[in-house]
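These notes concern the structure reproduced below.
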Amino acid sequence: PPSPPPPPSPPPGTAYVSTGETNYWEMASAVALGVAMISMSCTSFAAVYYMEDTVENKRKECEAFPVDEEVEAREKKVQAKKHAYRAVTSWNALPKLDKCLLGASLFLMTLACHIAGNFGSLCFATFSVTCSVALADVVLPLGWVAIGAFTAGCLTFYFYGKGASRRARKVLEAESNADMVTADAVTEIGGGEAGGRRGRAPLGAVEPAGTTAQAPARLPGAVTEQVARAANWSDDETPPGSVSSYGEEEDVKEGNLGKPWDRM
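Now the structure itself:
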């Protein structure tokens, strides 16, 4: 009987490992991959543990750190942009053109993914990583259809995003202008009130002791009081504060503190 044909010779540059030999490079790569996975898992769990421990046990120290004003202002800007973008991209607020762009983008991207996923063998040729092939030899006609549909979907979504960003900037500018107008109005109102109070004592001012406003008729030594008590004076007495018959003001004795004119 004829002898069987010899096995085909391997391509040049290809090395085969015979049975019973150990490939140390493959073993080293597997060990290195395992060590890397274990070390990354340990560091991740340790980071999460220490973060939670710091938040629970050192909350006061963390809250005592001063707030960076620049970072806080940046965060406020980012939050304002997100809020404005979310407001202009809600479905009820979208113009008809943007709705068409968003729907076309979703349809084209979904179609490209289904074509490439369900008909992969009809879209791309089989090849190995080490072989040198041209792109035209790998992508089949149906594959170009999937790539074109996905590219068109990305472009339509890009135009949709540009329009949404433009509307969000308009919303932020309108809010900024409204805040400026409100601040100017408050400043004008405050200036008017300050001008109206000019020349008067400030609101809530406390009067000095002994200067409490009283009715003129109740002030000690007032003319009305003197007139009211003039009938009680005798002919020998001179009204307080008046000039005696000798042309000199009558002195008040220290012992007569109970008389009305002693308080003048």
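521 is the number that our numbering gives to position 237 of the sequence shown; each next residue is one higher, with no gaps. Virtual Cβ for every residue (Gly too), placed ideally from N, Cα, C.
Less than 7 angstroms between C-beta atoms, sequence neighbours within five positions excluded: which residues of the same chain meet that for Met393?
If you ignore the 5 residues before and after Met393, its C-beta comes within less than 7 angstroms of the C-beta of Phe434 and Gly437, all in its own chain and listed in chain order.
Is it the case that the Cβ atoms of Leu426 and Cys407 are separated by a distance below 8 angstroms?
Going by C-beta atoms, Leu426 is nearer than 8 angstroms to Cys407.
Have a look at Ser554 and Gly404 and give me their C-alpha separation to the nearest angstrom.
Outside the shown range of the chain (285 to 548) lies residue 554, about which nothing can therefore be said.
So what does DSSP say about Ile399, is it helix, strand or coil?
Helix, per DSSP.
Given a threshold of 16 other Cβ atoms within 10 Å of its Cβ, counted over all protein chains shown, does Thr440 qualify as buried or as exposed?
Burial call: buried.
Roughly how many whole angstroms lie between the Cα atoms of Val355 and Lys344?
Distance between the alpha carbons of Val355 and Lys344: 21 angstroms.
Rounded to whole angstroms, how far is the Cβ of Ala448 from the Cβ of Thr373, which I believe are closer than 8 angstroms?
Separation of the CB atoms of Ala448 and Thr373 is rounded to 5 angstroms, and the pair is thereby assigned contact status at 8 angstroms.
Beta-carbon gap between Ala377 and Leu456 smaller than 8 angstroms:
Between Ala377 and Leu456, the gap from beta carbon to beta carbon reaches 8 angstroms or more.
Rounded to whole angstroms, what is the Cα-Cα separation between Val465 and Thr471?
Answer to the nearest angstrom: the Cα atoms are 10 angstroms apart.
If you count every other CB in all the chains shown that lies within 10 Å of the CB of Tyr333, and 16 or more means buried, which is it?
Classification of Tyr333: exposed, given that the 10 Å Cβ count is below 16.
Burial state of Ala409, where buried means 16 or more other Cβ atoms lie within 10 Å
Counting every other CB atom within 10 Å of its CB across the protein chains shown gives Ala409 a total below 16, marking it as exposed.
Mind checking which residues open and close the alpha helix (DSSP H) that includes Thr417?
Reading the sequence as shown, one finds Val at residue 417 and not Thr. Element bounds for Val417: n/a, residue is neither H nor E.
Presumed contact (8 angstroms Cβ cut-off) between Phe443 and Leu385, rounded CB distance:
Yes, Phe443 and Leu385 are in contact; Cβ-Cβ is about 6 angstroms, under 8 angstroms.
Let me know the secondary structure DSSP gives Val423 once reduced to three states.
The answer is strand: DSSP assigns Val423 an E or B state.
In three-state terms, what does DSSP make of Phe349?
Three-state result, Phe349: coil.
Between which two residues does the alpha helix (DSSP H) harbouring Leu406 extend?
Leu406 -> alpha helix (DSSP H) spans Gly404 to Cys407.
Ala330 to Val339, Cα distance in whole Å?
A direct Cα-Cα distance of roughly 14 angstroms separates Ala330 from Val339.
Using the rule of at least 16 other Cβ atoms within 10 Å of the residue's Cβ for burial, across every protein chain shown, is Arg451 buried or exposed?
Around the beta carbon of Arg451, 16 or more other beta carbons sit within 10 angstroms, so the residue counts as buried.
So Thr327 is in the alpha helix (DSSP H); what residue range does that whole segment cover?
Unbroken alpha helix (DSSP H) run through Thr327: Tyr308 to Asn341.
Would a C-beta distance cut-off of 8 angstroms place Ala418 and Ile399 closer than the cut-off?
No, the Cβ-Cβ distance between Ala418 and Ile399 is not below 8 angstroms.
Short of 7 angstroms in beta carbon distance, which residues of its chain neighbour Ala388, apart from the five on each side in sequence? Order them along the chain.
Within the same chain, Ala388 has close Cβ partners Thr440.
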